[in-house]
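Numbering (our numbering), first residue to last: 75 to 603.
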Amino acid sequence: MSAAPLPGHPLLTCSAIRALEARALAATPEGTLMARAAEAVADACSALLRAGPAGTPVLALVGPGNNGGDALLAALGLAARGWAVSALALAPEPPTAPDARRARAAWDASGRALHGPESLDALLAAAPLVIDGLFGIGLARPLSGAAAAIAARLALTGVQVVAVDVPSGLDADRGAIVGGTSGTAIRADLTVTMIADKPGLHTGAGATHAGRVRVAELGLSALGLPPRAFQTPADGPLPWGFLVDGDTVGSLLPPRERDAHKGRFGDVLVIAGAPSMRGAATLAALGAQAVGAGRLYLGVDDGATADPLHPELMTRRIRPAEGEGEAVLGAAQAVVTGCGLGRGEAATAAVAACLAHPAALVLDADGLNAVAADGRLFERLVARAAAERPTVLTPHPLEAARLLGVQTADVQQDRIGSACRLALASGACVVLKGAGTVVALPDGRWTINASGGPILSVAGTGDVLAGTIGGLLAAGLAPADAAMHGVWLHGAAGDALAAEADWRAGIGLPASRLPEAIRALVNRRVARS
């Protein structure tokens with residue numbers, strides 16, 4: 075099948091990287107790619123060394139494969155630039171890969187010692203800049219023995235680490251630590267990744283372990299993206315996706331004409347649940363307001379009136395117990411449900427009514443739990459896709475696990491695959507929240523979001539996100555665009571708040587501050603367009 079690429083900076087899985095690498099190796103002299111990789115690592119290290127304390131030495135950690143060769147050649151390049159260098163190898167035996175063997179021979183010819191793991195503490199005593207060349211994208215087993223001990227020791231020292239291609243122990247495709255809870259990985263301050271960027275550096279544990287990411291294309295950018303080894307969505311995610319950041323997300327919305335009026339920007343209905351949780355629906359409505367929704371309604375099944383703190387949020391009496399769809403919910407361009415909805419018969423009826431509504435739908439939180447608990451609701455969710463009604467699901471990992479019938483750890487071990495499986499099963503656009511939020515489509519396309527951080531780890535921010543996506547859907551954006559833009563805006567607004575002195579540690583942000591930060595960001599970007 076063919077599908078239009080999504081916007082963003084390309085992220086290639088290991089299979090796609092190897093396809094490009096094989097083409098390049100066949101067209102270049104022996105050792106060319108390793109020499110280029112080593113130079114890229116040496117350049118990155120030089121910049122860090124110049125910015126750090128004078129006289130900082132360099133320690134290359136050398137594994138048995140080509141990553142170890144990259145590290146050794148990078149260290150030799152740094153020595154030629156005047157830096158003191160040393161190297162530690164996991165094993166004394168020469169590597170078997172030809173390029174790595176030549177790199178080892180070059181190191182030996184320099185007359186420098188190649189230390190063993192027993193020398194680690196003595197070498198770390200000089201507080202070196204560490205080059206992690208232990209393992210690369212081919213690692214299939216958890217770090218063990220000396221490699222695991224090195225990772226644990228580095229975590230205690232606070233030295234700067236530059237990873238070659240991928241931090242050792244990290245799954246470059248999935249962003250999980252190889253081996254799960256029984257595994258470990260080196261935590262890098264900077265990862266110099268080769269040929270193309272990789273999804274595992276930007277989601278899950280990878281978002282923390284990779285640090286900053288620098289792509290060294292090694293002169294292969296002209297090769298473009300490799301062909302898709304993909305036939306149907308059932309085969310799984312496409313072998314490459316995209317990283318969505320501020321450079322690729324665009325202006326989000328068009329500038330408004332002078333004769334604009336509220337009727338042009340869509341009505342958003344947010345279904346409010348139990349009175350004790352009504353703040354969640356209010357936060358969602360404020361998220362929709364932040365991106366310019368024309369009219370905002372809180373759907374209530376009791377006699378509640380407007381919130382005096384937010385008089386612009388109108389209430390609408392809904393009757394989900396009496397029927398379904400527009401007849402009991404009223405008209406809207408987008409409906410958001412699940413935020414503080416609660417559980418039980420009333421919640422199930424509200425979700426059923428929303429699934430039957432012709433408007434674009436955002437299903438969040440308790441709405442997702444209702445669908446996970448009731449197979450009939452899931453069937454109706456699938457029927458929406460068959461009817462081509464725009465639908466976006468916004469689960470966190472636990473909610474995604476319930477919908478997929480797996481454990482939360484299974485979702486976190488394969489965030490992209492889990493999001494794509496849920497998108498295929500439901501027919502909806504899926505937003506799998508968390509570090510490196512994944513947006514997945516039923517046809518196997520996917521993106522990872524680059525914005526956001528721990529400041530958003532507080533109750534209520536997910537409600538704001540659901541409403542933000544709902545507001546963009548009401549403005550006429552397709553589900554993929556509304557999801558990608560909404561997720562990026564949400565994270566970027568959190569980043570903007572984290573840059574303020576009062577929030578720099580990312581602690582204690584009230585979710586109610588987030589819609590205003592989103593509004594300011596939208597206005598700045600649209601005004602520049």
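Backbone N, C-alpha and C define an ideal beta-carbon position, used for all residues, glycine too. As the structure is a computational prediction, the values presented were derived from the model and not from experiment.
Cα-Cα separation between threonine 465 and arginine 458, rounded to whole angstroms: 8 Å
Is glutamate 95 buried or exposed, if buried means 16 or more other CB atoms sit within 10 Å of its CB? Buried is the call here.
Less than 8 Å separating the beta-carbons of leucine 147 and proline 191? no
Can you tell me whether DSSP reads cysteine 413 as helix, strand or coil? coil
Residues bridged to phenylalanine 316 [DSSP beta-bridge criterion]: Pro84, Thr521
As assigned by DSSP and simplified to three states, the class of serine 184: coil
Run through DSSP, which three-state label would aspartate 341 get? Aspartate 341 falls in the strand class under three-state DSSP.
Short check: CB of aspartate 484 to CB of alanine 493, under 8 Å? no
The beta strand (DSSP E) spanning isoleucine 205 covers which residue range? Where isoleucine 205 is concerned, the enclosing beta strand (DSSP E) stretches over 203 to 207.
If you count every other CB in all the chains shown that lies within 10 Å of the CB of arginine 175, and 16 or more means buried, which is it? exposed
Per-residue DSSP class, three states only, for threonine 265: strand
Ignore the nearest five residues each way along the sequence and tell me which others in valine 289's own chain have a CB closer than 7 Å to its CB. Thr267, Ala270, Asp271
Is it buried or exposed for asparagine 597, if we count other Cβ within 10 angstroms and need 16 for buried? exposed
Would you mind sorting leucine 343 into buried or exposed? The rule is 16 or more other CB atoms within 10 Å of its CB. Label assigned to leucine 343: buried.
Nearest CA to the CA of phenylalanine 209: which residue from His283, Asp195, Val136? Considering only His283, Asp195, Val136, the residue with the shortest C-alpha distance to phenylalanine 209 is Val136.
In the DSSP output, which residue or residues are listed as bridge partners for isoleucine 224? According to DSSP, isoleucine 224 bridges with nothing at all.
Indicate the three-state DSSP secondary structure (helix, strand or coil) for glycine 373 in the structure shown. strand
Among Gly545, Ala540, His559, Val409, nearest to threonine 521 - alpha-carbon criterion: Of the candidates Gly545, Ala540, His559, Val409, the residue whose Cα lies closest to the Cα of threonine 521 is His559.
Just the Cα atoms here: how many angstroms apart are leucine 498 and glycine 518? 8 Å
Quick check on DSSP: helix, strand or coil for leucine 164? coil
Alpha carbon to alpha carbon, what distance is there between histidine 283 and alanine 158? 26 Å
With respect to the beta strand (DSSP E) encompassing leucine 467, which residues constitute its N-terminal and C-terminal limits? 465 to 468
Identify whether histidine 283 lies in helix, strand or coil by the three-state DSSP scheme. helix
Sequence-distant residues of its chain with Cβ nearer than 7 Å to glycine 442 (five each side left out): In the sequence as displayed, the identity of residue 442 is leucine instead of glycine. Excluding residues within five positions, the ones whose Cβ falls inside 7 Å are Gly412, Leu467, Pro469, Glu473, Leu477.
Quick check on the DSSP output: the beta strand (DSSP E) that includes arginine 124 runs from which residue to which? Segment 106 to 125 is the alpha helix (DSSP H) holding arginine 124; no beta strand (DSSP E) there.
Return helix, strand or coil for valine 159, following the three-state DSSP convention. In the structure shown, valine 159 sits in a strand (DSSP, three-state: E or B).
Threonine 389, enclosing beta strand (DSSP E) - first and last residue: 387 to 391
To the nearest angstrom, how far is it from the Cα of phenylalanine 304 to the Cα of alanine 93? Reliability of the predicted coordinates at phenylalanine 304 is poor, the pLDDT of 46 falling under 50, and the value obtained from them is presented with this limitation in mind. Phenylalanine 304 and alanine 93 have their C-alpha atoms spaced approximately 14 Å apart.
So, under 8 Å CB-CB, isoleucine 592 and alanine 364 are touching, yes? Tell me the CB distance rounded to an integer number of Å. 4 Å between Cβ atoms; contact.
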